[in-house]
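Undergrad: So the sequence shown is numbered by this note's numbering: it starts at 10 and just counts up by one. Ideal Cβ placement from N, Cα and C applies to all residues, glycine included.
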Amino acid sequence: MSLLTAELDQRQFQEISQIVYQQCGISLKSGKEALVRARLMKRLRALKIASVKEYMKLISSEKGKTEINTLIDVMTTNKTSFFRESAHFDYLAQEILPDLSTRKRLRFWSAACSSGEEPYTLAMVLRENIRDIDRKDVLVLSTDISNQMIAMAQQGVYSEERMAGVPQPLVREYFERIREGSKPRYRAGTELRKLIRLASLNLMQPWPMKGPFNVIFCRNVMIYFDRPTQQRLVNRFWDMLEPGGYLFVGHSEGLSGIRHEFQYMKPATYRKR
């Protein structure tokens, strides 16, 4: 069978959807068949596997246990950018940090950091708005389910196109221009890196960190979860935040339809009462 014509039948789609849901809470509903097939075909080509049936046999075997992690990587959407949904960072700088900046210890969490643009943006905002930040204990915990994305975030190297959302003064201040091939690229500097701790984390599994956090960013993630999973996650974020702490979610998400005690502050911005 040609890899380009390998088919994904409904039973196989449901099996893969169930594996993904059990592993990371992402709900691949009916209508996502074409997306799943397209991403799966890339994986089959990489493994030189000729059919979905053969791949299903692999992931159900003892040998295929590690492949399930790669499958989750393949099925995870990792769209991100610097200063994405910039109103959140404006609110952080103008309304939250003036009160927090007097403290000695500050904890932030980028709960789905993808390739690193969000935590590096957070680090820039913190450096620009907290005096004597290097004399304080400030940390941006940055986690993602994808090991591939964590590796990219650790490299912290971005193309000119990816840097388009960063104001030039901040580019000059916090990034090093390097050459890789024919095009210039930009590497996040030590001033940003020293604030960030990167780690792989599945939001559906136990969390090793204790908190509490002052601010949690979990944006454009919950749209991939069903309502019960969203409810559990919001409850866990509540427990991880200090009283008065803030939760930022994606503008396409919000917490409507979810039972919670957060105080609504601005679109996609909530505070623990």
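Cα separation between R116 and M158?
TA: Cα to Cα, the separation comes out at about 22 angstroms.
Undergrad: Would you kindly report the start and end of the unbroken beta strand (DSSP E) that includes I187?
TA: From DSSP, the beta strand (DSSP E) with I187 extends over F184 to E189.
Undergrad: Look at C33 and I81 and say whether their C-beta atoms are less than 8 angstroms apart.
TA: Yes; because the gap between Cβ atoms is below 8 angstroms, this pair is in contact.
Undergrad: R20 to F257, Cα distance in whole Å?
TA: Distance between the alpha carbons of R20 and F257: 37 angstroms.
Undergrad: Quick one: what's got a C-beta closer than 6 angstroms to R171's C-beta in the same chain, skipping five residues either side?
TA: Within the same chain, R171 has no close Cβ partners at all.
Undergrad: To the nearest angstrom, how far is the alpha carbon of G220 from that of L250?
TA: Approximately 7 angstroms, taken between the alpha carbons.
Undergrad: What residues in its chain sit with their C-beta under 7 angstroms from that of Y273, if we drop five residues either side in the sequence?
TA: So the list reads Y279, once near-sequence residues are dropped.
Undergrad: Select from S209, E169 and G253 the residue whose C-alpha is nearest the C-alpha of S155.
TA: Here the closest residue by C-alpha is S209.
Undergrad: Are R206 and L148 close, meaning C-beta to C-beta below 8 angstroms?
TA: Contact: yes.
Undergrad: Mind listing, in chain order, the continuous beta strand (DSSP E) runs of no fewer than 3 residues lying wholly within the segment 84-137?
TA: Counting only runs of 3 or more, we get 114-119.
Undergrad: Under three-state DSSP, which class holds D153?
TA: Of the three classes helix, strand and coil, the one that applies to D153 here is strand, per DSSP.
Undergrad: Would you list the one or two residues that DSSP bridges to C227?
TA: Per DSSP, V258.
Undergrad: What does the alpha-carbon distance come out to for the pair I225 and M213?
TA: Near 16 angstroms, if we compare the C-alpha coordinates of M213 and I225.
Undergrad: With respect to the alpha helix (DSSP H) encompassing A197, which residues constitute its N-terminal and C-terminal limits?
TA: That residue, A197, is in no alpha helix (DSSP H); its beta strand (DSSP E) goes K192 to A197.
Undergrad: Mind reading off the beta-carbon distance from M231 to E262? Whole number of angstroms is fine, and I expect it under 8 angstroms.
TA: At roughly 5 angstroms, the Cβ-Cβ gap stays under 8 angstroms, so M231 and E262 are in contact.
Undergrad: In angstroms, rounded to a whole number, what distance separates the CA positions of D235 and I187?
TA: Roughly 42 angstroms between the two C-alpha positions.
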